[in-house]
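Report on the structure given below.
2 protein chains.
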Amino acid sequence: MQNVKEYIERNEERFLNELFEVLRIPSVSAQSEHKEDMIRCARWLQEALLKAGADRAEAMPTEGNPVVYAEKILGPDFPTVLVYGHYDVMPVDPLDEWKTDPFEPVIRDGRIYARGADDDKGQSFMHVKAFEALVKTDSLPCNVKFMLEGEEEIGSESLYKWCEENREMLKTDVILVSDTSMIGMDTPSITCGLRGLCYMEVEVQGPDKDLHSGLFGGAVANPANVLTKMIAALTDENGRVTIPGFYDDVKVYAPTEREELNRAPFSEGDYKKGIGIAEVDGERGYTTVERTGIRPSLDVNGLWSGYTGEGSKTIIPASARAKISMRLVPDQDYRKIGKLFEDYFVSLAPASVRVKARMLHGGAPYVCPVDLPAYRAAAEAVESTFGKRPLPFYSGGSIPIISAFERILGVKSVLLGFGLDRDAIHSPNESYGVENFRIGIETIARFYGYFAREKR
Amino acid sequence: MQNVKEYIERNEERFLNELFEVLRIPSVSAQSEHKEDMIRCARWLQEALLKAGADRAEAMPTEGNPVVYAEKILGPDFPTVLVYGHYDVMPVDPLDEWKTDPFEPVIRDGRIYARGADDDKGQSFMHVKAFEALVKTDSLPCNVKFMLEGEEEIGSESLYKWCEENREMLKTDVILVSDTSMIGMDTPSITCGLRGLCYMEVEVQGPDKDLHSGLFGGAVANPANVLTKMIAALTDENGRVTIPGFYDDVKVYAPTEREELNRAPFSEGDYKKGIGIAEVDGERGYTTVERTGIRPSLDVNGLWSGYTGEGSKTIIPASARAKISMRLVPDQDYRKIGKLFEDYFVSLAPASVRVKARMLHGGAPYVCPVDLPAYRAAAEAVESTFGKRPLPFYSGGSIPIISAFERILGVKSVLLGFGLDRDAIHSPNESYGVENFRIGIETIARFYGYFAREKR
Chain A
7 MQNVKEYIER
17 NEERFLNELF
27 EVLRIPSVSA
37 QSEHKEDMIR
47 CARWLQEALL
57 KAGADRAEAM
67 PTEGNPVVYA
77 EKILGPDFPT
87 VLVYGHYDVM
97 PVDPLDEWKT
107 DPFEPVIRDG
117 RIYARGADDD
127 KGQSFMHVKA
137 FEALVKTDSL
147 PCNVKFMLEG
157 EEEIGSESLY
167 KWCEENREML
177 KTDVILVSDT
187 SMIGMDTPSI
197 TCGLRGLCYM
207 EVEVQGPDKD
217 LHSGLFGGAV
227 ANPANVLTKM
237 IAALTDENGR
247 VTIPGFYDDV
257 KVYAPTEREE
267 LNRAPFSEGD
277 YKKGIGIAEV
287 DGERGYTTVE
297 RTGIRPSLDV
307 NGLWSGYTGE
317 GSKTIIPASA
327 RAKISMRLVP
337 DQDYRKIGKL
347 FEDYFVSLAP
357 ASVRVKARML
367 HGGAPYVCPV
377 DLPAYRAAAE
387 AVESTFGKRP
397 LPFYSGGSIP
407 IISAFERILG
417 VKSVLLGFGL
427 DRDAIHSPNE
437 SYGVENFRIG
447 IETIARFYGY
457 FAREKR
Chain B
7 MQNVKEYIER
17 NEERFLNELF
27 EVLRIPSVSA
37 QSEHKEDMIR
47 CARWLQEALL
57 KAGADRAEAM
67 PTEGNPVVYA
77 EKILGPDFPT
87 VLVYGHYDVM
97 PVDPLDEWKT
107 DPFEPVIRDG
117 RIYARGADDD
127 KGQSFMHVKA
137 FEALVKTDSL
147 PCNVKFMLEG
157 EEEIGSESLY
167 KWCEENREML
177 KTDVILVSDT
187 SMIGMDTPSI
197 TCGLRGLCYM
207 EVEVQGPDKD
217 LHSGLFGGAV
227 ANPANVLTKM
237 IAALTDENGR
247 VTIPGFYDDV
257 KVYAPTEREE
267 LNRAPFSEGD
277 YKKGIGIAEV
287 DGERGYTTVE
297 RTGIRPSLDV
307 NGLWSGYTGE
317 GSKTIIPASA
327 RAKISMRLVP
337 DQDYRKIGKL
347 FEDYFVSLAP
357 ASVRVKARML
367 HGGAPYVCPV
377 DLPAYRAAAE
387 AVESTFGKRP
397 LPFYSGGSIP
407 IISAFERILG
417 VKSVLLGFGL
427 DRDAIHSPNE
437 SYGVENFRIG
447 IETIARFYGY
457 FAREKR
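Sequence lines, in order, name chains A and B. Each position in the first sequence, counted from 1, maps to that position plus 6 in our numbering. Each position in the second sequence, counted from 1, maps to that position plus 6 in our numbering.
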């Protein structure tokens, strides 16, 4: 690895300059005026992969934005790694909160400031450069495939279909992804769990129009009052979801597994300070780490009814609505949970109102076993660069495409991310540490060696 | 009265033409571009009152819109009636739902269509014309004072102060108001009760910013979930408000009084059909008429938190808010109820959130005793024109200025309104029956005679 490490060090400035080039392309997938930028960005990556050493690289058209596919195949006797990343970025609003142009990257205090600096151009590009370093030093020990999509921030719709159509081409031993964060530079971690999601929208409909709350108040069921009672009934005083059957498929962790999980350094004081709350709150009998890592949750994401402007308006609103989502854990099935939610929610309604509930979208939870060869290889790579064994980390978040890969391609993903909470992804002034970029490239390059050895 | 009745019949067409003139002035108090129209309308009424026979009429300036004051004083031995009304009207949006121009009155099928046709230009103007009929036929048996304001639809702010400053000038035996409705032309009624109002705005504040519901969901109190639980706890399964002390001052009605109240014709089927609901709902043990007439209520008027746009956004909202109002009945005090609400609401909050509650405005309930001489005179007048004894009617609505008159001027008001539910006040295509206008003028004119006799 010494020559690979030297190659990376020698070329670091060029790597950064190249990253800046791709960061300058405003590839915002949510906004149709950037349609051409998406194509330009895909082509740029295609070229970059060819220059890095791919035998083949294409910007493959889909109904949406192109998927950049590239590969370098050493032969059937070598293990195969499929790299997944995305080149689309989030919108930049509110623009006036950015200290510098989101599409003109600058380095301040050792950090790269730009939209996509971390999520996920910065993290994806580390893979391109790690690949280059291995190829140019004749050290590549695996077949490598790249799949970089342009719709991650808007739901990856084209990628699902594209994966189904290209199953053969995408055959691999593992998928390697850098689109997550570590606990800290002093506390390296690898995300080994993602929660699933079941996102519902509900409506309580009362009278056929807003009514005068004086003339009718007290005699007619108020949809907003009713909705608050129905939502309140979805959880109990112990912070548990009351939907019958909700916990039936929730994986129970052994005391030793829970101990392991709680070994990650966690300061409740810092946690509360970081988000400005006086007390944490959640399911009784579980720690904060467990509540977001291995336990499901139910949150109101949006709530609206009646008059919400300045001052007062005395109405009984005709209807009241809410967006309610549940984070799911293994082995909960979002389709089953959606149905349980709907049945229970509708059953809570009094006869004086009509109720609708529908699922907006869902995704399965994901777990990467820590004894998976690719996970072990990633852990060894992290230990060799960070000097510390990484902690397995159960993220509370969801990346629906990861569980979809398992379903469609029948293969596990390893979530070897190098972001930090401070990177402010999706927010103004997104940034990524120059050191994270450098150490990420080296760690990824080392991964291939460990993985090849694990598979031997 | 025969000559008065003939005078009214003889001049009916002119009365209507004059009403049309004042309806053409777009005196929308809520919109500052109509500032000049307010003054124009006040001057028009000042002139109209002088022509009708007032000794004195003025458009008296306030910090807001002028109050039109007029009087005709016969002498200290005559009883005095102070007429209250308002010349400002509600905005006309949505304009495209009007079949004809809201400020170009037309008669269709015996109804006058225009903004303000009923509320309250039409009803106020009946008083001007009844007064004229009595003066021109030398039949006026009372001193008469007029007080027509231009801010009723925006809270009557200037009028409170104006009344305090003009207590002496406003001395009267009773205030006569036509700004309410009857049950129907076949079921004449006089509003003898108005509920009070206590309007609160509440906020539950959680984290200092919206959080990612995946990363934090289950470990942090969600202000929207918390707010639903807090609002749900404000009422119980019997439809009663749970705020401690809420019912302490509620007047208890004797069984015979409740029987009397329920004697008004009421079809639950028509009621439900009229507003598109399957079932009525409210405090157990009371009828719909009682629930809105003599019982207090608590309604959410507005509710908002988090993401309310299309599709999904996975956040724990930083805060959640609601507008919650309570309709009050004698002898509830809105200041006391506001304090009880605030104390109880704050007590419902878990330690994981911060809570604010404040009163936006309030008003006292009002009751006109049916044995008041002026009520008896109004009832006799209605019986003489409608041929039926009017029913005392407890309206669920609130007119805060009416209870304020009692507080500031120490005098009761009689709510002799001639509107009907179908008049669509505050809505597009407001209208007022030509027959209501005519019979209203005659009834009001007759009131003076009966009142003078009652006071003799």
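A virtual CB, placed ideally from N, CA and C, is assigned to each residue, including glycine.
| query | result |
| --- | --- |
| Beta carbon proximity, Trp104 (chain A) to chain B, threshold 8 Å | no |
| Contiguous alpha helix (DSSP H) assignments of at least 4 residues, all confined to the stretch 253 to 309 of chain A | 261 to 267, 274 to 281, 294 to 299 |
| Own chain, CB closer than 7 Å to Leu200 (chain A), minus 5 neighbours either side, in chain order | Pro371, Tyr372, Ser401, Gly403, Ser404, Ile405, Ile408 |
| Buried/exposed call for Pro398 (chain A), threshold 16 Cβ in 10 Å | buried |
| CA nearest to the CA of Val208 (chain B), picked from B:Asp427, B:Cys47, B:Val352, B:Leu51 | B:Val352 |
| Phe443 (chain A) vs Leu182 (chain A) beta-carbon contact at 8 Å | no |
| First and last residue of the uninterrupted beta strand (DSSP E) at Lys394 (chain B) | Taken as a continuous stretch (DSSP letters only), Lys394 (chain B) belongs to no beta strand (DSSP E), as it is neither H nor E. |
| Assumed close pair Leu309 (chain A), Trp310 (chain B) - CB separation to whole angstroms, cut-off 8 Å | 6 Å |
| Secondary structure, alpha helix (DSSP H): runs of 4+ residues fully inside the stretch 84 to 166 of chain A | 127 to 142 |
| Proximal residues to Phe131 (chain A) (C-beta, below 7 Å), its chain only, five neighbours per side dropped | Leu25, Val28 |
| Cβ-based burial, Lys505 (chain B) [other Cβ within 10 Å; buried from 16] | Any answer about residue 505 (chain B) is impossible in this case: the structure gives chain B only from 7 up to 462. |
| Beta-carbon gap between Tyr313 (chain B) and Arg301 (chain B) smaller than 8 Å | no |
| Under 7 Å from the C-beta of Tyr313 (chain B): neighbouring residues of chain A | Asn307, Gly308, Lys329 |
| For Ala369 (chain B): DSSP bridge partner residues | Note on residue identity: the sequence assigns Gly, not Ala, to residue 369 (chain B). According to DSSP, Gly369 (chain B) bridges with B:Leu203. |
| Length-filtered (3 minimum) beta strand (DSSP E) runs lying within the stretch 20 to 83 of chain B | 62 to 66, 73 to 78 |
| Pair within 8 Å by beta-carbon distance, Leu221 (chain B) and Ala326 (chain B) | no |
| Which of helix, strand or coil DSSP assigns to Lys329 (chain A) | strand |
| Selection from A:Gln129, A:Val87, A:Ser38, A:Thr248 that minimises the alpha carbon distance to Gly446 (chain A) | A:Gln129 |
| Contact list for the stretch 373 to 387 of chain A against chain B, Cβ threshold 7 Å | none |
| Val89 (chain B) and Val417 (chain B) closer than 8 Å at C-beta | no |
| The stretch 410 to 427 of chain A touching the stretch 243 to 259 of chain B, judged by at least three CB pairs closer than 8 Å | no |
| Exposed unless 16 or more other CB atoms sit within 10 angstroms - verdict on Asp242 (chain B) | exposed |
| Residue-level contact to chain A via CB, Leu217 (chain B), 8 Å cutoff | yes |
| DSSP three-state assignment for Cys198 (chain B), whether helix, strand or coil | strand |
| Chain B within 8 Å of Thr298 (chain A), Cβ atoms only | yes |
| Rounded distance between the beta-carbons of Val226 (chain A) and Val286 (chain B), thought under 8 Å | 6 Å |
| Local conformation of Arg413 (chain B) per DSSP, three classes | helix |
| DSSP-derived helix/strand/coil call for Ala230 (chain B) | helix |
| Contacts that Val226 (chain A) makes with chain B (C-beta to C-beta distance below 8 Å) | Ile281, Ile283, Val286, Asp287, Gly288 |
| Closest Cα partner of Arg46 (chain A) within the set A:Glu64, A:Ser303, A:Met332 | A:Glu64 |
| 7 Å CB neighbourhood of Leu140 (chain B) in its chain, flanking five on each side removed | Val10, Leu146, Ala451, Tyr454 |
| Collapsed DSSP secondary structure at Tyr363 (chain B) in the structure displayed | The sequence given here has Ala at residue 363 (chain B), not Tyr. DSSP places Ala363 (chain B) in strand when its eight states are reduced to three. |
| Partner residues on chain A for Lys235 (chain B), Cβ-Cβ distance less than 7 Å | Ala238 |
| Exposed unless 16 or more other CB atoms sit within 10 angstroms - verdict on Gly156 (chain B) | buried |
| For Leu217 (chain B): DSSP bridge partner residues | B:Ile322 |
| Under 8 Å from the C-beta of Ile343 (chain B): neighbouring residues of chain A | Simply none; closest approach about 14 Å. |
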